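These notes concern the structure reproduced below.
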Amino acid sequence: MVNTMKRTYSEINEKIRKRKAVVLTAEEVIDVVNDKGIKGAAEEVDVVTTGTFGAMCSSGAFLNFGHSDPPIRMANISLNGVQAYGGLAAVDTYIGATQMTDKKGGGYGGGHVIEDLVAGKKIHLVASGPGTDCYTRKSIETTVSLSTMNEAYMYNPRNVYQNYAAATNSTDKTLHTYLGKLLPNFKNVTYSSAGQLSPLMNDPHLDTTGIGTRIFLGGGEGYVTWSGTQFSTAAEEQNGVPTGSSRTLALIGNLRGMDREFVRGLDIFGYGTSLAVGVGIPIPILNEGVMERCAITDDKIFTHVFDYGIPSRTRPVIGKVSYADLRSGKVEMGGRVMRTSSLSSYKYAKKVAEKLKGWISNDKFQLTIPSLPLPKEGSVKGLR
Amino acid sequence: MMDKKFKLKFNNSNLHESVSYILVSKFDIKPNVLQAKIDGSGGRMILSMRGSEKNIENAISYLESADIVVEEADDIKMDKKRCIDCGSCVSICPTFAFEIDKSTWDVSLDTGKCVACGTCISACPTHAISLKMNL
Ligand code: SF4
Ligand code: SF4
Numbered sequence: 001m002v003n004t005m006k007r008t009y010s011e012i013n014e015k016i017r018k019r020k021a022v023v024l025t026a027e028e029v030i031d032v033v034n035d036k037g038i039k040g041a042a043e044e045v046d047v048v049t050t051g052t053f054g055a056m057c058s059s060g061a062f063l064n065f066g067h068s069d070p071p072i073r074m075a076n077i078s079l080n081g082v083q084a085y086g087g088l089a090a091v092d093t094y095i096g097a098t099q100m101t102d103k104k105g106g107g108y109g110g111g112h113v114i115e116d117l118v119a120g121k122k123i124h125l126v127a128s129g130p131g132t133d134c135y136t137r138k139s140i141e142t143t144v145s146l147s148t149m150n151e152a153y154m155y156n157p158r159n160v161y162q163n164y165a166a167a168t169n170s171t172d173k174t175l176h177t178y179l180g181k182l183l184p185n186f187k188n189v190t191y192s193s194a195g196q197l198s199p200l201m202n203d204p205h206l207d208t209t210g211i212g213t214r215i216f217l218g219g220g221e222g223y224v225t226w227s228g229t230q231f232s233t234a235a236e237e238q239n240g241v242p243t244g245s246s247r248t249l250a251l252i253g254n255l256r257g258m259d260r261e262f263v264r265g266l267d268i269f270g271y272g273t274s275l276a277v278g279v280g281i282p283i284p285i286l287n288e289g290v291m292e293r294c295a296i297t298d299d300k301i302f303t304h305v306f307d308y309g310i311p312s313r314t315r316p317v318i319g320k321v322s323y324a325d326l327r328s329g330k331v332e333m334g335g336r337v338m339r340t341s342s343l344s345s346y347k348y349a350k351k352v353a354e355k356l357k358g359w360i361s362n363d364k365f366q367l368t369i370p371s372l373p374l375p376k377e378g379s380v381k382g383l384r
Numbered sequence: 385m386m387d388k389k390f391k392l393k394f395n396n397s398n399l400h401e402s403v404s405y406i407l408v409s410k411f412d413i414k415p416n417v418l419q420a421k422i423d424g425s426g427g428r429m430i431l432s433m434r435g436s437e438k439n440i441e442n443a444i445s446y447l448e449s450a451d452i453v454v455e456e457a458d459d460i461k462m463d464k465k466r467c468i469d470c471g472s473c474v475s476i477c478p479t480f481a482f483e484i485d486k487s488t489w490d491v492s493l494d495t496g497k498c499v500a501c502g503t504c505i506s507a508c509p510t511h512a513i514s515l516k517m518n519l
């Protein structure tokens, strides 16, 4: 295909300012491409919005509580009974999504603390420290909330995994995994990806997403800061997208301005707590190639089903399925019919993409040119 | 047609009544015993009835006249304010009580299909499903 159409970021932003930009979600644009072809669609559409909403365990928030009088250097910190990191400066901390409550019964963790903060709730803070000449106080118990703190920002070292494994269970016992409940004897398959709506499925080689890209994060505005941990380009590709977990992003955003609807603590039975975060990345249609990649559909995106009954880093592969099949409610594999369900929410992924579309269409969100591209290659090492 | 769940309490004198048989033959009701605990001093049962409103009403009157205590049982509840429509509950329900709307991707629960097995409770990461059916 001769690549004729070209558009720049500033042209798109100019159209956004005039409220003339044509913005569609990654789902809506599929019909336009089917109708008018890649070329026609690329000429018409300025921005495609993507979205995902699921458990993102590598998430958390940096908080600064402000100084008490007399001041304390906090070394042991707990928020609503959940331990936060005590190895930063006196009243700085990081609360991670998977840190679980010290209380018996569980069911609550760092992800819930972050949800409660975003919801404006009061949080019980208990902290102690060594007591020093400059920080004489040794303990404190008080109440904090988003409005009493200085800074509070989400920093997620690994989000928006580009594709992810699907899981099933060959054993005769029910397994409780981070991909949900797996019934015995291959009865079900669980998965977690927004597929055709997923940010990194629509920009598979990170042509437009880079460091500094402004995004939708948890209902507010955020930014891509770096490549995420376990960033990999090793997975085999099919239809231009990887068939296994690949690229990831590190994200940042102010907790103030986020919306509890898109920041939800999770309690995954038998695994622990996590945080469901809504993330949406806008894709500027700079040329026909970008448009073509945004037109990807669930029937062209594949993932492998692994047997989580085998407790090894290299679990056996049971088969390969498309997201269209996974979303249909059942898949057939090796003569078995297995029911499917997702751990990420497609409904909320759509909400994210639609909300971001609304912001851009109403000139509340402009696109940024990345300051640096993300790595072209990456691989994941194991631990000996 | 409606589905309703009841808690029945028996004593020694009426324990011999074959409730299911009576419901089917006399009241055209489809009964389903979800839980039961019977011992020497009597018993308790959680039973769902499927039938017309009128027939269910008549059946309850009949059971009460046989000195069986009938209480409406707490049904399974799905709190849509907590639910994030992930779908984790969908593939593990033995009676296909959850449904996903393929255009909105909204997950809903048909309480009438639920047999109170409890499998979905721990499968839900947002604690959105509650089932209080103590015998
Ligand atoms: S309790 Fe059992 S039958 Fe009822 S909805 Fe949950 S999984 Fe289905
Ligand atoms: S598992 Fe819970 S949150 Fe997920 S769809 Fe079912 S009820 Fe909703």
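Chains as they are written, first to last, in this note's numbering: chain A, 1 to 384; chain B, 385 to 519. The beta-carbon is built from N, C-alpha and C at its ideal position, and this holds for glycine as well. Owing to the predicted nature of the structure, the values given are computational and were not obtained by experimental measurement.
Does the Cβ of T510(B) lie closer than 8 Å to at least one heavy atom of ligand 1? T510(B) Cβ: outside cutoff for every heavy atom of ligand 1.
Span of the beta strand (DSSP E) holding V317(A)? 317 to 322
So is N76(A) buried or exposed if we call it buried at 16+ other beta carbons inside 10 Å? Exposed, since its Cβ has fewer than 16 Cβ neighbours within 10 Å.
Are the CB atoms of F65(A) and S344(A) within a distance shorter than 9 Å? no
Give me the chain B residues within the contact set of G180(A), using Cβ-Cβ distance strictly less than 7 Å, ordered along the chain. S472, A507
Could you tell me which whole beta strand (DSSP E) segments of length 3 or greater appear in the region 320 to 362 of chain A? The qualifying runs are 330 to 333, 336 to 342.
DSSP state of R247(A) mapped onto helix, strand, coil: coil
When DSSP builds the beta bridges, which residues end up paired with Y94(A)? Looking at the DSSP assignment, Y94(A) forms a beta bridge with F62(A).
With respect to the alpha helix (DSSP H) encompassing D31(A), which residues constitute its N-terminal and C-terminal limits? 28 to 44
For a contact meaning CB atoms closer than 9 Å, what does D490(B) contact in chain A? Near D490(B) (Cβ distances below 9 Å), the residues of chain A are K347.
Nearer than 8 Å: is that true of the beta carbon of P478(B) relative to any heavy atom of ligand 1? yes
Are the C-beta of T503(B) and some C-beta of chain A separated by less than 9 Å? yes
Give the straight-line distance between the Cα atoms of A443(B) and K355(A), rounded to the nearest whole angstrom. 52 Å
Listed in chain order, which residues of the region 305 to 339 of chain A have Cβ atoms closer than 9 Å to some Cβ of chain B? R327, S328, G329, K330, M338, R339
Coarse secondary structure for N13(A), derived from DSSP in three states: helix
Where does A443(B) sit, in a helix, a strand or coil, going by DSSP? helix
On the DSSP bridge list, what partners appear for Q221(A)? Correcting the residue identity first, residue 221(A) is Glu in this sequence and not Gln. Answer is F216(A), bridged to E221(A).
Report the rounded CA-to-CA distance for P370(A) versus A55(A), giving the unit in angstroms. Spanning the two alpha carbons is a distance of roughly 26 Å.
Distance between beta carbons of G120(A) and S145(A), contact taken as under 8 Å: With a Cβ gap of about 6 Å, S145(A) and G120(A) count as contacting.
In whole angstroms, what separates the C-alpha of K300(A) from that of A324(A)? 8 Å
I'd like to know whether the C-beta of A75(A) is nearer than 9 Å to at least one C-beta of chain B. no
Under three-state DSSP, which class holds I252(A)? strand
Can you grab the Cα-Cα spacing for the pair M433(B) / N185(A), in whole Å? 32 Å
Can you tell me whether P386(A) is helix, strand or coil according to DSSP? Because chain A in this structure spans residues 1 to 384, residue 386(A) falls outside the shown range and cannot be described.
Distance CB(G496(B))-CB(L515(B)) smaller than 9 Å: no
Identify the residues that DSSP records as bridge partners of I430(B): which are they? K391(B), Q419(B)
According to DSSP, is M149(A) helix, strand or coil? coil
For P375(A), collect the residues of the same chain with a Cβ closer than 7 Å to its Cβ; drop the 5 residues on either side in sequence, then sort them by chain order. S227, F231
Quick check on P199(A): does DSSP put it in helix, strand or coil? helix
So is F53(A) in contact with chain B if we call contact Cβ pairs under 9 Å? Judged by the 9 Å Cβ criterion, F53(A) is in contact with chain B.
Could you work out which residues of chain B lie near R183(A), taking near to mean beta carbons separated by less than 7 Å? It should be noted that the sequence gives Leu, not Arg, for residue 183(A). By Cβ distance, chain B contributes I476.
Classification of M74(A) by the beta-carbon crowding that lies within 10 angstroms, buried from 16 upward: buried
Looking only at its chain, what residues have a beta carbon closer than 7 Å to the beta carbon of R466(B), apart from the 5 residues adjacent to it on each side? T510, H511, A512
Pull up the DSSP beta-bridge partners for K6(A), would you. N287(A)
When DSSP builds the beta bridges, which residues end up paired with Q83(A)? S78(A)
Strictly under 9 Å for the Cβ-Cβ distance: is A166(A) near chain B by that measure? Residue contact with chain B for A166(A): absent (no Cβ-Cβ distance below 9 Å to any residue of chain B).
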